[in-house]
Amino acid sequence: QQSAMTDILTNLPNSPYLRQAFEQEKVRCQQAGQPMALLEADLDDFKTINDRYGHHIGDRYLSEISRVLKSHLRERDTLVRLSGDEFAALLPMTGFAQAALLAERLQQAVELFTLRLEEGKVARSGLSVGIALHPMDGEGFEDLLVRADHNMYQNKAARKNARLERAPNIVPFPIKSPGKSG
Numbered sequence: 019q020q021s022a023m024t025d026i027l028t029n030l031p032n033s034p035y036l037r038q039a040f041e042q043e044k045v046r047c048q049q050a051g052q053p054m055a056l057l058e059a060d061l062d063d064f065k066t067i068n069d070r071y072g073h074h075i076g077d078r079y080l081s082e083i084s085r086v087l088k089s090h091l092r093e094r095d096t097l098v099r100l101s102g103d104e105f106a107a108l109l110p111m112t113g114f115a116q117a118a119l120l121a122e123r124l125q126q127a128v129e130l131f132t133l134r135l136e137e138g139k140v141a142r143s144g145l146s147v148g149i150a151l152h153p154m155d156g157e158g159f160e161d162l163l164v165r166a167d168h169n170m171y172q173n174k175a176a177r178k179n180a181r182l183e184r185a186p187n188i189v190p191f192p193i194k195s196p197g198k199s200g
């Protein structure tokens with residue numbers, strides 16, 4: 019059963035595990051009167067790594083990035099590999115400001131990470147992140163995942179525009195949660 023809940027490549031839990039963890043943490047957060055954040059993250063231009071260096075390097079990169087991401091989370095947080103180059107983190111007892119600070123730290127960590135290859139070549143990427151809060155952005159797991167996914171693609175677009183303008187690749191999150199309308 020554990021292998022059915024674990025991603026073989028990264029040794030992180032997977033999407034079915036995240037769903038179970040959400041239901042358990044939801045109850046704890048409701049009892050404590052605290053919000054819970056869900057982060058969805060996608061590597062920017064990961065396809066380029068696979069295309070340029072091959073899938074074996076892409077797999078190695080994903081494995082290393084999973085360790086980088088996990089190193090920034092608290093013990094009670096849950097990091098999973100959703101699929102391909104997408105990850106999600108469940109952050110119990112976490113409001114928007116704290117989740118946004120973590121998202122920025124994760125983006126910086128990925129920006130700084132370099133997988134060194136032969137002949138001085140390196141594999142690098144960026145990270146786009148979306149945040150959704152329970153219960154503000156939805157009661158159910160699917161509602162939060164859809165909201166986090168939407169916000170992640172907004173962040174990806176903002177990061178792409180910043181790169182085109184040669185601005186720093188870290189796009190700060192707004193101070194307030196965008197809620198259902200944002």
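Using this note's numbering, the first residue of the sequence shown is number 19, and each one after it goes up by one.
Built from N, CA and C at the ideal position, the CB exists for glycine as well.
Rounded Cβ spacing between residue i and residue j (contact assumed at less than 8 Å)
| i | j | result |
| --- | --- | --- |
| residue 146 | residue 59 | 7 Å |
| residue 90 | residue 127 | 6 Å |
| residue 55 | residue 112 | 4 Å |
| residue 27 | residue 80 | 6 Å |
| residue 32 | residue 98 | 6 Å |
| residue 154 | residue 53 | 7 Å |
| residue 150 | residue 162 | 4 Å |
| residue 131 | residue 83 | 7 Å |
Enclosing alpha helix (DSSP H) for residue i [first to last residue]
| i | result |
| --- | --- |
| residue 109 | Run containing residue 109: none in the alpha helix (DSSP H); it sits in the beta strand (DSSP E), 104 to 109. |
| residue 50 | 33 to 50 |
| residue 120 | 114 to 130 |
| residue 25 | Unbroken run through residue 25: none, as it is neither H nor E. |
| residue 63 | Per DSSP, residue 63 belongs to no alpha helix (DSSP H) and is neither H nor E. |
Separation of residue j from residue i, as counted between CA atoms
| i | j | result |
| --- | --- | --- |
| residue 105 | residue 114 | 18 Å |
| residue 21 | residue 120 | 29 Å |
| residue 180 | residue 174 | 10 Å |
| residue 40 | residue 108 | 7 Å |
| residue 148 | residue 124 | 12 Å |
| residue 164 | residue 140 | 33 Å |
| residue 133 | residue 48 | 41 Å |
| residue 101 | residue 43 | 22 Å |
| residue 57 | residue 170 | 8 Å |
| residue 38 | residue 103 | 21 Å |
| residue 110 | residue 46 | 8 Å |
| residue 137 | residue 61 | 24 Å |
Where residue i falls: helix, strand or coil (DSSP)
| i | result |
| --- | --- |
| residue 77 | helix |
| residue 168 | helix |
| residue 182 | helix |
| residue 142 | coil |
| residue 30 | coil |
| residue 199 | The predicted model places residue 199 with a pLDDT of 43, which falls under 50 and marks its position as unreliable; any figure quoted below should be read in that light. Reduced to three states, the DSSP call for residue 199 is helix. |
| residue 135 | coil |
| residue 160 | helix |
Per DSSP, cross-strand counterpart(s) of residue i
| i | result |
| --- | --- |
| residue 99 | 105 |
| residue 148 | 58 |
| residue 94 | In the DSSP output, where bridge partners are listed per residue, residue 94 has none listed. |
| residue 86 | Paired residue(s): none; residue 86 is not in a bridge. |
| residue 70 | Answer is none; residue 70 lacks a bridge partner. |
Proximity test, Cβ basis, 8 Å: residue i and chain D
| i | result |
| --- | --- |
| residue 137 | This model lacks chain D altogether; it includes just one protein chain. |
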